[in-house]
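**Q**
Number of protein chains: 2
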Amino acid sequence: MTQTGGKQDKKAQQYGVTPQSVDFNDWYNEVVKKADLADNSPVAGAMVMKPYGSALWENIQRWLDDRFKATGHESLVFPTLIPMGFIMKEADHVEGFAPELFTVNKIGTEELAEPYVMRPTSETIIGHMWSGWLNSYRDLPFLHYQWGSVFRAELRTKAFLRTSEFYWHEGHTAHADEPEARAEVRQMLDIYHEFCRDVLALPVVRGEKTASERFAGAVSTFSIEGMMRDGKALQSGTSHYLGQNFSRAFDVKFQTREQKEEFAHTTSWAISSRIIGAIIMTHGDDFGLIMPPRIAPVQVVVIPVGRKDNFDEMVQEGEKLAAELRAQGVRVKVDKRDGVTNGFKYNDWELKGVPVRIELGPRDLEQGVVVVKNRNSTEKETLPRAEAVGGMTARLDGIHDWLLSRATEFMREHTVPVDDYATFQAKIEEGNWVLAHHCADAACEKAIKDDTKATTRNVPLDDAEFFSEASQGACVRCGKPSAYGKRVIFGRQY
Amino acid sequence: MTQTGGKQDKKAQQYGVTPQSVDFNDWYNEVVKKADLADNSPVAGAMVMKPYGSALWENIQRWLDDRFKATGHESLVFPTLIPMGFIMKEADHVEGFAPELFTVNKIGTEELAEPYVMRPTSETIIGHMWSGWLNSYRDLPFLHYQWGSVFRAELRTKAFLRTSEFYWHEGHTAHADEPEARAEVRQMLDIYHEFCRDVLALPVVRGEKTASERFAGAVSTFSIEGMMRDGKALQSGTSHYLGQNFSRAFDVKFQTREQKEEFAHTTSWAISSRIIGAIIMTHGDDFGLIMPPRIAPVQVVVIPVGRKDNFDEMVQEGEKLAAELRAQGVRVKVDKRDGVTNGFKYNDWELKGVPVRIELGPRDLEQGVVVVKNRNSTEKETLPRAEAVGGMTARLDGIHDWLLSRATEFMREHTVPVDDYATFQAKIEEGNWVLAHHCADAACEKAIKDDTKATTRNVPLDDAEFFSEASQGACVRCGKPSAYGKRVIFGRQY
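Chains as they are written, first to last, in the numbering used here: chain U, 467 to 960; chain C, 467 to 960.
#1: I'd like to know if phenylalanine 534/C contacts chain U, where contact means its C-beta is closer than 9 angstroms to some C-beta of that chain.
#2: If you draw a straight line from the C-alpha of threonine 470/C to the C-alpha of threonine 484/C, how long is it?
#3: So, under 8 angstroms CB-CB, methionine 757/U and tryptophan 899/U are touching, yes? Tell me the CB distance rounded to an integer number of Å.
#4: Leaving aside the five residues before and after lysine 811/U along the sequence, list all residues of the same chain whose C-beta is less than 6 angstroms from its C-beta, in chain order.
#5: Could you spell out where the beta strand (DSSP E) holding alanine 504/U opens and where it closes?
#6: Tell me whether the stretch 880-898 of chain C and the stretch 819-831 of chain C touch, counting them as touching only if at least three CB pairs, one residue from each stretch, are closer than 8 angstroms.
#7: Here's the rule: buried if 16 or more other CB atoms are within 10 angstroms of the residue's CB, otherwise exposed. What is valine 670/C?
#8: DSSP state of lysine 719/U, grouped into three classes?
#9: Okay, do the stretch 786-806 of chain C and the stretch 759-769 of chain C touch, 3+ Cβ pairs below 8 angstroms being the bar?
#10: Which residue comes first and which comes last in the alpha helix (DSSP H) that contains arginine 652/C?
#11: Taking threonine 546/C as the query, report the chain U residues whose CB atoms sit under 9 angstroms from its CB, ordered along the chain.
#12: I'd like to know whether the C-beta of isoleucine 761/C is nearer than 9 angstroms to at least one C-beta of chain U.
#13: Entirely within the stretch 702-747 of chain U and at least 4 residues each: give me those alpha helix (DSSP H) ranges in chain order.
#14: Isoleucine 761/C lies in the beta strand (DSSP E); which residues open and close that run?
#15: Quick check on the burial criterion: 16 or more other C-beta atoms within 10 angstroms. Buried or exposed for valine 954/U?
#16: Is any beta-carbon of chain C found at less than 9 angstroms from that of leucine 817/U?
#17: Restricting to Cα atoms, I'd like to know which of Ser686/C, Glu691/C, Thr687/C, Trp634/C is closest to histidine 659/C.
#18: Among Ala736/C, Gly819/C, Ala684/C, Thr623/C, which residue has its Cα nearest to the Cα of serine 713/C?
#19: Taking C-alpha atoms, which residue in Met747/U, Ala579/U, Ile914/U, Leu791/U lies nearest to methionine 858/U?
#20: At the 9 angstroms Cβ level, is isoleucine 553/U part of the contact set with chain C, yes or no?
#21: Since arginine 740/U and phenylalanine 626/U should fall inside the 8 angstroms C-beta cutoff, what is the C-beta to C-beta distance between them, to a whole number of angstroms?
#22: Of all the CB atoms in chain C, is at least one closer than 9 angstroms to the CB of proline 549/U?
#23: Going by C-alpha distance, which of Gly574/U, Cys662/U, Ala920/U, Gly551/U is nearest aspartate 867/U?
#24: Just to check my reading of the structure: arginine 622/C and glutamate 566/C have Cβ atoms closer than 8 angstroms, yes? What is that Cβ distance to the nearest angstrom?
#25: To the nearest angstrom, how far is the alpha carbon of threonine 874/C from that of histidine 749/C?
#26: Would you kindly work out how many angstroms separate the C-alpha atoms of valine 514/U and phenylalanine 544/C, rounded to a whole number?
#27: Report the three-state DSSP secondary structure of glycine 834/U (helix, strand or coil).
#28: Give a yes or no on contact between the stretch 500-520 of chain C and the stretch 523-538 of chain U, applying the rule of three or more CB pairs nearer than 8 angstroms.
#29: Report yes or no: do three or more beta-carbon pairs, one from the stretch 937-951 of chain U and one from the stretch 901-912 of chain U, lie closer than 8 angstroms?
#30: Along the alpha helix (DSSP H) that carries phenylalanine 688/C, what are the first and last residues, could you check?
#31: Short check: CB of phenylalanine 688/C to CB of tyrosine 603/C, under 9 angstroms?
#32: Of all Cβ atoms in chain U, is any one closer than 9 angstroms to the Cβ of phenylalanine 712/C?
#33: Within 10 angstroms of its Cβ, does threonine 918/U collect 16 or more other Cβ (buried), or is it exposed?
#34: Does methionine 877/C pass the burial test, meaning 16 or more other C-beta atoms within 10 Å, or should it be called exposed?
#35: Count the other C-beta atoms from every protein chain shown that fall within 10 angstroms of the C-beta of glutamine 486/U, then say buried if there are 16 or more, exposed otherwise.
#36: With H, G and I counted as helix, E and B as strand and the rest as coil, what does DSSP make of glycine 945/U?
So, in structure tokens, the structure goes:
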């Protein structure tokens, strides 16, 4: 998508990363490995999160966890295994997940009469537990979530995006009535949206999934969708209204205020380690990652620039500068590596996407200045040390804003309203999202997918921030009347 | 162990908890359930951690995680599954773990030619990954850890103590030589000891395990051992020097400074969710739990004591008081439940072991006082509000100290040096630890276990804080010379 000149290509070769513009897929895989985010594992479909990736995931967890607690949710820990019979109880659920299940049929030397599955998601076992905990309307709502991993077979592995074991939180709540449950579904979708926009600098579209893209067992599924720099969509979070489907299957009922028996209305919602894929593919460039500053494991890297005879002294000075930045609440690392060139260090931290680099040499020290370079700029600035330190939070916020507006602009530029099928196919092929009217017929959606590999991403909500205008029209493929009263987003997806 | 009069028995019956002194096992199971720490699950051997238990585990994780990072360790995330063949590579390891393994032999509809096991511990897969990451001595040390759960078949489940799936961190480090690796093993043992003593108020004995109690594949295993209020031991953390056993099995080698090829020296260490069992069984009493204040999810509970017409007002006043306490860094909860009696609330929070209760009634409010009760006392104090708030941190520290000295005294009282086998058997039967000389012969240890159900807990280190005096003597059972130059701790264990 991006245009790169000969100079950038050379630089990219120097790092050993294929430029984005040459092969987006190779760029992604190389960046993930070389930035120390993740590695392949000897387990089919599973990855290893390395220190830099794990630190990023921890920051993501910390922010979301604080928010869940602040909105009254409680964490619990449910088993990794689920009795096979549980998965069978909700008809749509079993149809959706059966082909992907990991089956445990032996413990020690004992063959199991009824096997267990490794959880693909936990609605079933949580429903079972709830039925034992719930008696009266006074017990509700249950506002629960857990952090952990889940297991769904994947043939073609891609770190963070498609792994057989992936990492997430899953929220599960139970309510006395539908309006309260639906308000929860919306609340969590909005928290996800806020997190993406204000912390990760990711513009995402809030909307409802069409019937064929719903979670297996849900009444309504809502998602946030982001656009990657190759024009593909990445579903970055989901929030489901499950109605009484799971509560009926697992007998989650309670006595109402009016002394009647009623099944609970339940919800579930999740953001997974896929979101790291979204960060990489929304913000990265030919030089590697660009970490959104508010979630970056390292916000500022200090490079002591010394010769052999004064390197240790410059490292010490670097530590002093780092301490001043830490006192401002900034996450800083001093690169103390000896035996590698400054150029190597610069490239390494650019690849890792650290938002700000500070170079500190003996002459800078004498003059009371430092050299500052933002990851999203090619300019170096020489600034009085106090100004660099005091202005760091504002500088990081500036990089956040820059990333968010670049990504927003990109998404807007690559999203086009289309009313005829030939143009639809061409625009999808060029790597855009298409805003089109649709009849809501599943067979028609399927035909579009077969023709173009594009699926419905979502139907933007009225206050979705993007692409939410009401309009009428005819289905872009079959010509039947539009079913949604607005255009639907179609796109290829990860 | 504890003496309880008729009045306490009655009170305990009122809560519906069997007194400790009547049946320690029933007491434990009932407290775990009624305090909302955990529940049984439909998965054989697995538990569900409920909100109060999960909040406690989160606090434990937070403290340890900060400490690991402060000592230079990095978190990573490895897969839950391990190829069966990996477990087979280290001879002692496979012998130790084979009977407990969960086997996955089917993914989707595909039967696997080589099955996976759900990790019982991760030395093998981490060794495999390290062999790909390690080249030169410059890459070392690897200071890694991960949080997660592991799977070992358990027939007789008991929440936190024996569950097929349990929760832990596992530290894994690789070093260029043995002294550095052994220093790491000791550092982590000391961090565990500090955590138990200074945060959980648990006195624990640091020592080395005898050969027959070593981790499967270790050269040396060190443990911290605590004493429960029924006199049994609970191994509360372990730190292993693995020598080159796993690095040879997984080809974890590097080029030394002198350009030679060498296998790394590795370590592993862990504290698991069993530690919650130790907290319960060391500090609890007939009334329920007593939470050590520094880790307690709720340190202070405020009970607004109002009548129907002023209950809402008292809840508001309770919130004001809670805000003042939070400003002191105290974790507070206001019990706003309507429709239950104050007595019910008092009992409920005593059962949950909240260290301090504050009652706030309309008359107290007028007079500018509050009623304060420590969980470890039967006295209520009426204090000026400002004094109660300002003194809360010191009060919590006082409860910590009280718990630690009570547990230390109990451990000292119930640990006896013994030199003849008849007394050994009697003292074990009475619920003590015995300090005895031993010949170090595995068959002799086994005979003692068969006779008494007691095993060696550990051989206290020279600076173990407890029971570390050097001495010579004859094996308490067979009369051969002592092998350790000091007495070994024997005890029944969880």
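For each residue, glycine too, the CB sits at the ideal point set by N, CA and C.
**A** Quick answer:
#1: Taking the second sequence and counting its residues from 1, the one referred to as residue 534/C is at position 68. By this cut-off, phenylalanine 534/C is not an interface position.
#2: Residue numbering aside, residue 470/C sits at position 4 when the second sequence is read from its first letter. Residue numbering aside, residue 484/C sits at position 18 when the second sequence is read from its first letter. Because threonine 470/C sits at a pLDDT of 40, beneath the cut-off of 50, its placement in the model cannot be relied upon, and the point is left open.
#3: On the first sequence, position 291 is the one that residue 757/U refers to. On the first sequence, position 433 is the one that residue 899/U refers to. Rounded, the Cβ-Cβ distance is 25 angstroms, inconsistent with contact.
#4: Locating residue 811/U in the first sequence gives position 345, where the first residue counts as 1. Within the same chain, lysine 811/U has close Cβ partners Ile769, Asp801.
#5: Start at 1 with the first residue of the first sequence, and residue 504/U comes out as number 38. Element bounds for alanine 504/U: 504-506.
#6: Output reads no: the stretch 819-831 of chain C does not touch the stretch 880-898 of chain C.
#7: Residue numbering aside, residue 670/C sits at position 204 when the second sequence is read from its first letter. Around the beta carbon of valine 670/C, 16 or more other beta carbons sit within 10 angstroms, so the residue counts as buried.
#8: For the purposes of this step, residue 719/U is taken as residue 253 along the first sequence, with counting starting at 1. Strand.
#9: Yes, the stretch 786-806 of chain C is in contact with the stretch 759-769 of chain C.
#10: Counting from one through the second sequence, the residue named residue 652/C turns up at place 186. Where arginine 652/C is concerned, the enclosing alpha helix (DSSP H) stretches over 644-664.
#11: Taking the second sequence and counting its residues from 1, one reaches residue 546/C at position 80. For threonine 546/C, the neighbours in chain U by C-beta distance under 9 angstroms run, in chain order, Val509, Ala512, Thr546, Met584, Ser615, Phe617, Glu631.
#12: Taking the first residue of the second sequence as 1, we reach residue 761/C at position 295. It does not: the Cβ of isoleucine 761/C has no partner Cβ on chain U nearer than 9 angstroms.
#13: Within the stretch 702-747 of chain U, the complete alpha helix (DSSP H) runs of at least 4 residues are 711-715.
#14: Here residue 761/C corresponds to residue number 295 of the second sequence, with the count starting at 1. If you look at isoleucine 761/C, you'll find it isn't in any beta strand (DSSP E); DSSP assigns it neither H nor E.
#15: As a working mapping, residue 954/U is identified with position 488 in the first sequence. Valine 954/U is buried by the Cβ-count criterion.
#16: In the first sequence, counting from the first residue as 1, residue 817/U sits at position 351. No, leucine 817/U lies away from the interface with chain C (no Cβ there is under 9 angstroms from its Cβ).
#17: Working through the second sequence from its first residue, we reach residue 659/C at position 193. Comparing alpha carbon positions, the residue from Ser686/C, Glu691/C, Thr687/C, Trp634/C closest to histidine 659/C is Glu691/C.
#18: Position 247 of the second sequence, counted from the first residue, corresponds to residue 713/C. Nearest option by C-alpha distance: Ala684/C.
#19: Taking the first sequence and counting its residues from 1, the one referred to as residue 858/U is at position 392. It is Leu791/U.
#20: Here residue 553/U corresponds to residue number 87 of the first sequence, with the count starting at 1. Interface residue (Cβ-Cβ distance to chain C less than 9 angstroms): isoleucine 553/U is not classified as such.
#21: Reading the first sequence from its first residue, position 274 is the one you call residue 740/U. Reading the first sequence from its first residue, position 160 is the one you call residue 626/U. Indeed they touch by this definition, with Cβ atoms about 6 angstroms apart.
#22: Working through the first sequence from its first residue, we reach residue 549/U at position 83. Answer yes: the Cβ-Cβ gap between proline 549/U and chain C drops below 9 angstroms somewhere.
#23: Stepping through the first sequence from its first residue, residue 867/U is reached at position 401. Of the residues Gly574/U, Cys662/U, Ala920/U, Gly551/U, the one whose Cα lies closest to the Cα of aspartate 867/U is Cys662/U.
#24: Translated into the one-based positions of the second sequence, residue 622/C becomes position 156. Translated into the one-based positions of the second sequence, residue 566/C becomes position 100. The beta carbons of arginine 622/C and glutamate 566/C sit about 13 angstroms from each other, so the pair does not count as a contact at 8 angstroms.
#25: For the purposes of this step, residue 874/C is taken as residue 408 along the second sequence, with counting starting at 1. For the purposes of this step, residue 749/C is taken as residue 283 along the second sequence, with counting starting at 1. Computed Cα separation, rounded: 11 angstroms.
#26: Your numbering for residue 514/U matches position 48 in the first sequence. Your numbering for residue 544/C matches position 78 in the second sequence. The straight-line gap from Cα to Cα measures roughly 5 angstroms.
#27: Start at 1 with the first residue of the first sequence, and residue 834/U comes out as number 368. In the structure shown, glycine 834/U sits in coil (DSSP, three-state: anything other than H, G, I, E or B).
#28: The stretch 500-520 of chain C is not in contact with the stretch 523-538 of chain U.
#29: Touching, yes, given that three or more Cβ pairs across the two stretches are closer than 8 angstroms.
#30: Sequence index remark: in the second sequence, residue 688/C carries index 222 (1-based). Premise fails: phenylalanine 688/C lies in the beta strand (DSSP E), 686-693, not in any alpha helix (DSSP H).
#31: Locating residue 688/C in the second sequence gives position 222, counting from the first residue. Locating residue 603/C in the second sequence gives position 137, counting from the first residue. The beta carbons of phenylalanine 688/C and tyrosine 603/C sit no closer together than 9 angstroms.
#32: Locating residue 712/C in the second sequence gives position 246, where the first residue counts as 1. Phenylalanine 712/C does not count as touching chain U.
#33: The count along the first sequence starts at 1 and reaches residue 918/U at position 452. Threonine 918/U is buried by the Cβ-count criterion.
#34: As a first step, residue 877/C must be located in the second sequence, where it is residue number 411. Label assigned to methionine 877/C: buried.
#35: What you label residue 486/U is simply residue 20 of the first sequence in a count that begins at 1. Glutamine 486/U should be labelled buried.
#36: Counting from one through the first sequence, the residue named residue 945/U turns up at place 479. In the structure shown, glycine 945/U sits in coil (DSSP, three-state: anything other than H, G, I, E or B).
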